[in-house]
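Q: Input: one structure, supplied below.
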Amino acid sequence: MSILVMKFGGTSVANVDRIARAAKRVAVEVAKGHDVIVIVSAMAGETNKLVGWVQETAPLYDAREYDAVTSSGENVTAGLMALRLQEMDIPARSWQGWQVPVMTTSAHGSARIEAIPTENILRKFGEGMRVAVVAGFQGISPEGRITTLGRGGSDTTAVAFAAAFDAVRCDIYTDVDGVYTTDPRICDKARKLDRIAFEEMLELASLGAKVLQTRSVELAMRYKVKLRVLSSFEEQTDEAGTLVCDEEDIMESNAVAGVAYSRDEAKMTLTGVADRPGIAAAIFGPLSEAGVNVDMIVQNISEHGQTDMTFSCPNDQVLRAETALNQAQARGDIRFEELVTDQGVAKVSVVGIGMRSHAGVAAQMFKALAAEGVNIKVITTSEIKISVLIDRKYMELAVQALHDAFGLDKAA
1467 MSILVMKFGG
1477 TSVANVDRIA
1487 RAAKRVAVEV
1497 AKGHDVIVIV
1507 SAMAGETNKL
1517 VGWVQETAPL
1527 YDAREYDAVT
1537 SSGENVTAGL
1547 MALRLQEMDI
1557 PARSWQGWQV
1567 PVMTTSAHGS
1577 ARIEAIPTEN
1587 ILRKFGEGMR
1597 VAVVAGFQGI
1607 SPEGRITTLG
1617 RGGSDTTAVA
1627 FAAAFDAVRC
1637 DIYTDVDGVY
1647 TTDPRICDKA
1657 RKLDRIAFEE
1667 MLELASLGAK
1677 VLQTRSVELA
1687 MRYKVKLRVL
1697 SSFEEQTDEA
1707 GTLVCDEEDI
1717 MESNAVAGVA
1727 YSRDEAKMTL
1737 TGVADRPGIA
1747 AAIFGPLSEA
1757 GVNVDMIVQN
1767 ISEHGQTDMT
1777 FSCPNDQVLR
1787 AETALNQAQA
1797 RGDIRFEELV
1807 TDQGVAKVSV
1817 VGIGMRSHAG
1827 VAAQMFKALA
1837 AEGVNIKVIT
1847 TSEIKISVLI
1857 DRKYMELAVQ
1867 ALHDAFGLDK
1877 AA
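Heads up, the sequence shown is in this note's numbering, so the first residue is 1467 and it goes up one at a time.
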């Protein structure tokens, strides 16, 4: 019997009526002959409420108890979904992470899945169960404690189950009907993609597109899990949504598949840094230890034995970065004249596997931005991505200009 994984996000299970609607979608797949593993998130807003209670109770909380509290939202949804399916005469059972068991590391709040034994669920399928409703976002540590996988962790749970059970596909149901060439709220010409390569989706997710969690796409790419992103609120057909798949499964592609953006970026520059071997390690080592997520890095040409080092990071990590660098200077690990911070920037990126075979993408991007009077502060590139840091006030203009410049409103 083929196994299908279906994951429903928080908006798709936000109340009892929406859980009933999701259950009907599960029933359709059961009728097609699939055994179904349903991964559920907590109801919309529930996790935020639980986190708020933890922080109110204990600002310096024990991470193990944080996981015990915040994982409970998914347990409620799983139980309600199983009950709804049972009311529809579909044999279903809810499963918490420890019952599967979803075996994880001990990093509470950001655990990683290490193994998902299939025996327990497969045995129940063999005994007549048709749907296993699994609480996403959670697992169990080697010490026997409940763990959580971090925000968006239910996506990762779903892909991991699809890989472990060799599922025919993993369908991710959310509040959007697929992956778009850019954010439709910013560009009304944004077009839904029928297919997108794993690498493109991974870049878009890491650059700010919020359709899928980055770790889930990494897992899908590693284990060749076919992902389909669908809306919970629209009629479904076999061709609905966007299929995230191998590059080889895409017949023809544009040079650029999509435009991504990240609004809350900061640019930090260390001036007057000694240009010597090991200086980069001396700067970015303390930042790493402080948990600062450094992205774009540019080093200026050395002059008189000194250079400037510029990098970007999320706005909410600026204070942490400043503290780490000032402490490193106080210890004598590094020397710099000034730390200059600009918190009014945004990152805009174009992504596409077609860049490998199309020359001139960078020139076309820079020309489009110049035509709109958008000044570029920092540039970084990879094989299938070009990112620029610009003034935040020009972000929406830049996204629209690049979408037009690469003709993303038209299929390849």
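Note that the Cβ used here is the ideal one computed from N, Cα and C, for glycine as well.
Given the structure is predicted, the values throughout are model-derived calculations rather than measurements.
Check V1764 in the structure and name its three-state DSSP category.
A: Strand, per DSSP.
Q: In three-state DSSP terms, what is P1567?
A: P1567 falls in the coil class under three-state DSSP.
Q: Looking only at DSSP bridge pairs, what is D1808 linked to?
A: D1808 pairs with K1733.
Q: Quick check: the region 1627-1635 against the region 1469-1479, are there 3 or more CB pairs under 8 Å?
A: The answer is yes - the region 1469-1479 touches the region 1627-1635, with three or more Cβ pairs under 8 Å.
Q: Please go through the region 1511-1569 and give each complete beta strand (DSSP E) segment of 3 or more residues, from N-terminal end onward.
A: Qualifying beta strand (DSSP E) stretches, in chain order: 1558-1561.
Q: Suppose the cutoff is 6 Å on Cβ atoms and the five residues either side in sequence are ignored; what does the same chain contact list for G1644 look like?
A: Once the five neighbours on either side are set aside, the close Cβ partners of G1644 are K1658, V1695, G1707 and T1708.
Q: Can you check whether the CB of G1602 is closer than 8 Å to the CB of E1540?
A: Contact: yes.
Q: Give a yes or no on whether the C-beta atoms belonging to V1865 and T1680 are separated by under 8 Å.
A: No, these two residues do not count as a Cβ contact at 8 Å.
Q: Three or more C-beta pairs under 8 Å: does that hold for the region 1503-1515 against the region 1654-1673?
A: Result no; under three Cβ-Cβ pairs closer than 8 Å.
Q: Quick one: is R1596 buried, meaning 16 or more other Cβ sit within 10 Å of its Cβ, or exposed?
A: Result: buried.
Q: Jot down the residue ranges of each uninterrupted alpha helix (DSSP H) in the region 1469-1503, minimum 4 residues, whole runs only, in chain order.
A: Segments of the alpha helix (DSSP H) lying fully in the region 1469-1503: 1482-1497.
Q: For V1482, does the count of other Cβ atoms within 10 angstroms reach 16, so buried, or fall short, so exposed?
A: So V1482 counts as exposed.
Q: Work out the CA separation of F1631 and D1407 for me, nearest whole Å.
A: Residue 1407 is absent from the structure shown; the chain starts at 1467 and stops at 1878.
Q: Specify, as a first and last residue, the run of the alpha helix (DSSP H) that Y1689 falls within.
A: Its alpha helix (DSSP H) spans residues T1680 to Y1689.
Q: What whole-angstrom Cβ distance do A1790 and P1743 have, given they're in contact under 8 Å?
A: So it is not a contact: roughly 21 Å between Cβ atoms.
Q: Based on the DSSP secondary-structure assignment, which residues constitute the bridge partners of T1640?
A: Answer is S1697, bridged to T1640.
Q: Nearest-angstrom Cα distance between A1829 and S1848?
A: Distance between the alpha carbons of A1829 and S1848: 15 Å.
Q: From G1810 to D1782, what does the alpha carbon distance come to, in whole angstroms?
A: Each residue's alpha carbon lies about 12 Å from the other.
Q: What does DSSP give as the partner residue(s) for A1598 in the beta ladder?
A: Answer by DSSP bridge pairing, in chain order: I1503 and R1559.
Q: Check whether the Cβ atoms of A1488 and S1698 lie closer than 8 Å to each other.
A: Yes, they are a contact pair.
Q: In terms of residues, what are the limits of the beta strand (DSSP E) holding G1605?
A: Element bounds for G1605: Q1604 to I1606.
Q: Assign R1729 to one of two classes, buried (16 or more other C-beta atoms within 10 Å of its C-beta) or exposed (fewer than that).
A: It counts as exposed.
Q: Could you pull out every residue in the same chain whose Cβ sits closer than 7 Å to the Cβ of R1530, ignoring the five residues on either side in sequence?
A: Correct list, in chain order: H1574 and R1611.
Q: Run through DSSP, which three-state label would T1584 get?
A: In this structure, T1584 counts as coil in the three-state DSSP scheme.
Q: Can you tell me the Cβ-Cβ gap for D1808 and A1732, rounded? I've got them flagged as a contact below 8 Å.
A: About 7 Å; that satisfies the 8 Å criterion.
Q: Around the C-beta of G1605, are 16 or more other C-beta atoms found within 10 angstroms, so that it is buried, or is it exposed?
A: Classification of G1605: buried, given that the 10 Å Cβ count is 16 or more.
Q: Below 7 Å CB to CB, which residues in the same chain sit around Y1860 once its five sequence neighbours on both sides are set aside?
A: V1840, listed in sequence order.
Q: Tell me the rounded alpha-carbon separation between P1525 and R1578.
A: So the alpha carbons of these two residues sit roughly 24 Å apart.
Q: Starting from the Cα of E1553, find the closest Cα among V1566, I1582, A1493 and S1572 and give me that residue.
A: Among V1566, I1582, A1493 and S1572, the Cα nearest to that of E1553 belongs to A1493.
Q: Please report the straight-line C-alpha distance between P1780 and K1843, rounded to a whole angstrom.
A: P1780 and K1843: Cα-Cα distance of roughly 16 Å.
Q: Can you tell me the Cα-Cα spacing of A1825 and I1852, whole angstroms?
A: Taking the straight line from one Cα to the other gives about 13 Å.
Q: Between Y1646, E1684 and L1673, which lies nearest to A1624 when the distance is taken from Cα to Cα?
A: Residue E1684 is the option with its Cα nearest to A1624.
Q: Just list the beta strand (DSSP E) runs in the region 1817-1874, keeping only unbroken ones of 3 residues or longer that don't cross its boundaries, in chain order.
A: You should have 1842-1848 and 1851-1857.
Q: To which residues of the same chain is R1822 closer than 8 Å at the C-beta, ignoring the five residues directly before and after it?
A: E1849 and I1850, listed in sequence order.
Q: Along the chain, where does the beta strand (DSSP E) containing P1780 start, and where does it finish?
A: It spans Q1772 to P1780 - the beta strand (DSSP E) in which P1780 sits, taken as one unbroken run.
Q: Tell me, to the nearest whole angstrom, how far the beta carbon of G1820 is from that of V1691; I am working on the premise that it is less than 8 Å.
A: Between V1691 and G1820 the Cβ distance is about 23 Å, and since that is not below 8 Å, they are no contact.
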